[in-house]
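Read through the structure below, which is laid out as structure tokens, and then see the notes.
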Amino acid sequence: MSDIMTPIPFGKLMNWILEEHKKGAVFGIKRPFKADPSKTCEIFGRKLETPFGPAAVPTHS
Numbered sequence: 033m034s035d036i037m038t039p040i041p042f043g044k045l046m047n048w049i050l051e052e053h054k055k056g057a058v059f060g061i062k063r064p065f066k067a068d069p070s071k072t073c074e075i076f077g078r079k080l081e082t083p084f085g086p087a088a089v090p091t092h093s
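Its first residue numbered 33, the sequence shown is counted upward by one per residue in our numbering.
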């Protein structure tokens, strides 16, 4: 994995995703996540379907 992030034009990203989807997985994911509506958490007065969010990476080297 590179330590340099390079932007990808939206059209190129969509083409990449569509080509992978034809093969049965997108970025290694074979089926999309679907939350179970009967299993929610509440925090700050709002219901959450999942207790996780975007991943953070270390910013030090």
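Beta carbons: idealized from backbone N, C-alpha and C, even for Gly.
Predicted model, so just to flag it, every value in this text is computed and none were measured.
Go to residue i, then tell me how far its beta strand (DSSP E) extends in each direction, as first and last residue.
{"i": "residue 74", "result": "73-75"}
By Cβ distance below 8 Å, which residues in the same chain neighbour residue i in space, the five residues on each side in sequence not counted?
{"i": "residue 80", "result": "72, 73 and 74"}
{"i": "residue 67", "result": "81 and 82"}
Apart from the five residues just before and just after residue i, which ones in its own chain have a Cβ nearer than 7 Å to its Cβ?
{"i": "residue 49", "result": "58"}
From the DSSP secondary-structure annotation, give me the bridge partner or partners of residue i.
{"i": "residue 63", "result": "In DSSP, residue 63 forms no bridge with anything."}
Grab the span of the alpha helix (DSSP H) containing residue i for me, first residue to last.
{"i": "residue 44", "result": "42-54"}
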